[in-house]
Amino acid sequence: MGYDPHTCQFTDFELTDSRDAERLDRFAQTADEIRIADRGFGSRPECIRSLAFGEADYIVRVYWRGLRWLTAEGMRFDMMDFLRGLDCGKNGETTVMIGNSGNKKAGAPFPARLIAVSLPPEKALISKTRLLSENRRKGRVVQAETLEAAGHVLLLTSLSEDEYSAEQVADCYRLRWQIELAFKRLKSLLHLDALRAKEPELAKAWIFANLLAAFLIDDIIQPSLDFPPR
0 MGYDPHTCQF
10 TDFELTDSRD
20 AERLDRFAQT
30 ADEIRIADRG
40 FGSRPECIRS
50 LAFGEADYIV
60 RVYWRGLRWL
70 TAEGMRFDMM
80 DFLRGLDCGK
90 NGETTVMIGN
100 SGNKKAGAPF
110 PARLIAVSLP
120 PEKALISKTR
130 LLSENRRKGR
140 VVQAETLEAA
150 GHVLLLTSLS
160 EDEYSAEQVA
170 DCYRLRWQIE
180 LAFKRLKSLL
190 HLDALRAKEP
200 ELAKAWIFAN
210 LLAAFLIDDI
220 IQPSLDFPPR
């Protein structure tokens, strides 16, 4: 599904089965749009590449070691050295190459703008505490580097530095909260997370009917925009 935070409306929808994974290029791209995606796409270079060479721009949140980071010369890019080299509490950016990590679908390495947004101390503490709690629950040990990197939000984008500063890119990414709320509404109000039909064709009809209702509600309500929370 596609969602436009500017109009607060869903824009595209395609129903697939479990064999067809989510993609960032599922819907037609236009030159005036910026596609925003969370870390679920940030470890899939083939997804990012589809936008890097498409008409639309993109902002994707990434893990510090979720991709094969390379320098312009094709050498290994040390993410932790980059983060440790930033002034305390300051944002930073650089240009990197994204390697294919052995995945042929990802194609040849391609360039991208990497932005590191430093979290305020209180938010960095919340991020690290959440990370420790989640991994403790799953019986995992958190690497020291992972905990250190949790003090930053890492964004990969195709937006040029001349047109968008690092702060503006971060502000654009914050619009993602509207997307999350939109999907939460689908689950809480229309109960789309509880499929009431098991037979495939009946299940499809049930999903289509409920989404049609959601789209009609969007057209009727037309909510006004608000600033994203910080």
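At the far end of the sequence shown sits residue 229, using numbering that gives the first Met the number 0, and the numbering has no gaps.
Here a beta-carbon is modelled for each residue, glycine too, at the ideal position from N, C-alpha and C.
- DSSP places Asp11 in the uninterrupted beta strand (DSSP E) bounded by 8-11.
- Contact check for Pro108 against Leu66 fails: the beta carbons are separated by 8 Å or more.
- With contacts defined by Cβ atoms closer than 8 Å, Ala165 and Ile97 do not form a contacting pair.
- When DSSP reads this structure, Ala123 sits in no beta bridge, so it has no partner.
- Our two residues, Lys122 and Asn209, have alpha carbons roughly 37 Å apart in a direct line.
- Counting only residues of its own chain and dropping the five nearest sequence neighbours on each side, Leu130 has a CB closer than 8 Å to the CB of Val141, Thr145, Leu146, Ala149.
- In this structure the segment 41-55 does not lie against the segment 73-87, because fewer than three pairs of beta carbons, one per stretch, are closer than 8 Å.
- The beta-carbon distance between Tyr2 and Ala111, rounded to whole angstroms, is 23 Å. This is too long to meet the 8 Å contact definition.
- For Pro4, there is no enclosing alpha helix (DSSP H), as DSSP marks it with neither H nor E.
- Here the alpha carbons of Asp19 and Leu194 stand approximately 19 Å from one another.
- With distances taken between CA atoms, Ser159 lies nearest to Tyr57 out of Ser132, Tyr57, Glu72, Tyr172.
- Per DSSP, Ser157 lies in no alpha helix (DSSP H) and is assigned neither H nor E.
- Secondary structure note for Tyr172: it is in no beta strand (DSSP E), and the uninterrupted alpha helix (DSSP H) holding it is 165-172.
- If you look at Ala36, you'll find it in the beta strand (DSSP E) that goes 33-36.
- Within the segment 9-96, the complete alpha helix (DSSP H) segments of 4 residues or longer fall at 44-51, 78-83, listed in chain order.
- Counting along the chain, Arg112 sits inside the beta strand (DSSP E) bounded by residues 109-117.
- Each residue's CA atom was taken as its position, placing Thr93 and Glu133 some 30 Å apart.
- Going by C-alpha positions, Ala202 is about 36 Å away from Gly106.
- Looking at the DSSP output, Gly98 bridges to Arg67.
- Here DSSP, grouped into helix, strand and coil, assigns Gln177 to helix.
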